[in-house]
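Chemist:
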Amino acid sequence: MQVITAISELRSVIRAARVKQPALQVGFVPTMGFLHEGHASLLKAARDQCELVVLSIFVNPLQFGPNEDFERYPRDEKRDLAIAAEAGTDIVFMPQVAEMYPSPIRTTVSVSEVTRRLCGASRPGHFDGVATVVTKLLNMVQPDYAYFGMKDAQQVAVIEQMVQDLNIPVHIVACPTLREADGLAKSSRNVYLNEEQRAQAVQLSAALRKARSAVEESWRHLTPREVEEQVREEIARAPLADIDYVEVLDYPSLQTIDTFVSSRRVIIAVAVKFGNTRLIDNVVIPIQS
Ligand code: AMP
0 MQVITAISEL RSVIRAARVK QPALQVGFVP TMGFLHEGHA SLLKAARDQC ELVVLSIFVN
60 PLQFGPNEDF ERYPRDEKRD LAIAAEAGTD IVFMPQVAEM YPSPIRTTVS VSEVTRRLCG
120 ASRPGHFDGV ATVVTKLLNM VQPDYAYFGM KDAQQVAVIE QMVQDLNIPV HIVACPTLRE
180 ADGLAKSSRN VYLNEEQRAQ AVQLSAALRK ARSAVEESWR HLTPREVEEQ VREEIARAPL
240 ADIDYVEVLD YPSLQTIDTF VSSRRVIIAV AVKFGNTRLI DNVVIPIQS
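Take the sequence shown: its letter number 116 is residue 115 in numbering that gives the first Met the number 0, and every next letter is one higher.
(1) Look up Y146 in the DSSP assignment and say whether it is helix, strand or coil.
(2) Based on the DSSP output, what are the partners of C49 in its beta bridges?
(3) Would you say G119 touches ligand 1, meaning its beta carbon is less than 6 Å from a heavy atom?
(4) What is the DSSP secondary structure of T255, counted as helix, strand or coil?
(5) Does DSSP put E246 in a helix, a strand or coil?
(6) Mark P142 as exposed unless 16 or more other C-beta atoms lie within 10 angstroms of its C-beta, in which case mark it buried.
(7) Output yes or no for whether 7 Å exceeds the beta carbon distance between V52 and D79.
(8) Just the C-alpha distance for A240 and Q287, rounded to the nearest angstrom, thanks.
(9) Alpha carbon to alpha carbon, how far is A206 from E233?
(10) Taking the beta strand (DSSP E) that I90 falls in, what are its first and last residues?
(11) Give me the Cβ distance between A268 and A152, rounded to the nearest whole Å; I'm assuming they're in contact under 8 Å.
(12) Between the Cα of V25 and the Cα atoms of G32, L42, S186 and H38, which residue gives the shortest distance?
(13) When DSSP labels each residue in this structure, what does V108 get in the three-state scheme?
(14) Given this structure, state the Cα-to-Cα distance separating Q1 from V133, to the nearest angstrom.
(15) Anyone know if the C-beta pair for V271 and L203 falls short of 7 Å?
(16) Buried or exposed: where does K77 fall if 16 or more other Cβ atoms within 10 Å of its Cβ makes it buried?
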């Protein structure tokens with residue numbers, strides 16, 4: 000496994016690999032590090048599909064708001080490299096901020112509509128930061144496939160829209176959410192939770208599971224607003240939970256819906272704060288007759 004910090008070296012190593020093996024498929028997994036099994040599952044998906052697997056680890060300042068956790072975002076380089084190697088990564092690209100943003104950025108990528116609700120509404124500017132850094136990384140790596148987790152389902156919708164609109168030559172692969180044994184979605188931010196918050200955080204996935212069953216069984220007799228209310232009530236059983244949003248939307252358009260419509264997909268998405276820690280989770284459900 001090669002660890003690279005300079006964009007020029009990243010480009011030349013990938014170019015050399017492509018010259019040596021013209022049919023080479025390059026798979027790319029962008030992350031912010033502090034890797035866990037969710038990230039490893041993306042790397043494994045890339046490993047299964049591609050000959051060259053590139054992982055990036057970069058905590059992107061552009062996607063954090065002024066009062067968010069950029070400065071204290073958890074980092075553990077040594078552990079990350081061990082997990083990356085174990086998952087079969089070929090190249091780890093871990094640039095410094097000055098390498099990615101040598102001067103103030105004057106160009107940003109902004110995706111409309113799919114960024115209007117959910118985290119787009121709660122975290123102004125967040126998806127501009129994500130879309131911009133992912134565009135930069137895709138330009139640097141030029142992968143055939145790029146892997147993203149459905150844990151961040153809105154991010155998947157944003158990236159798919161961007162790749163389509165800007166004709167970026169990459170296939171986006173959406174991978175399922177990996178969870179702890181009790182259902183909590185794995186996240187680098189889970190380490191912020193104290194014991195009591197961690198115990199109550201299980202209520203997010205429990206509420207989503209219950210709502211999924213209700214929608215699957217009775218979507219004809221339920222409205223999206225009623226499902227939102229049920230999820231709110233379930234989450235409110237955790238006294239430390241401070242709900243940011245609970246929304247039922249069409250997926251991947253992320254438009255508001257007033258009824259469930261057969262053969263569409265819906266997302267039930269939640270963001271909940273426990274103290275200063277903001278957790279997100281979701282389920283995407285095909286509406287089937
Ligand atoms: P992050 O480091 O949080 O920016 O995440 C990097 C990538 O890993 C994103 O595509 C995430 O959606 C994905 N990811 C994070 N957590 C999980 C999880 N629990 N299961 C699957 N993918 C995940």
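Cβ coordinates follow ideal geometry from the N, Cα and C atoms, glycine included. On a predicted model such as this, the values are computed, not experimentally measured, just so you know.
Modeler: Concretely, from the data shown:
(1) Three-state result, Y146: strand.
(2) C49 is not bridged to any residue.
(3) Checking the Cβ of G119 against ligand 1 gives no.
(4) Of the three classes helix, strand and coil, the one that applies to T255 here is strand, per DSSP.
(5) It is a strand residue.
(6) With at least 16 other beta carbons inside 10 angstroms of its own, P142 counts as buried.
(7) Not in contact: V52 and D79 (Cβ atoms no closer than 7 Å).
(8) So the alpha carbons of these two residues sit roughly 32 Å apart.
(9) Their backbone Cα atoms lie some 5 Å apart in a straight line.
(10) Going by DSSP, I90 is part of the beta strand (DSSP E) stretching over I90 to F92.
(11) Correct: roughly 7 Å between the Cβ atoms.
(12) With distances taken between CA atoms, V25 lies nearest to L42 out of G32, L42, S186 and H38.
(13) The DSSP-derived three-state label of V108 is coil.
(14) Straight across, the Cα-Cα distance linking Q1 with V133 is about 21 Å.
(15) The Cβ-Cβ distance between V271 and L203 falls below 7 Å.
(16) With fewer than 16 other CB atoms across the displayed protein chains lying within 10 angstroms of its CB, K77 is exposed.
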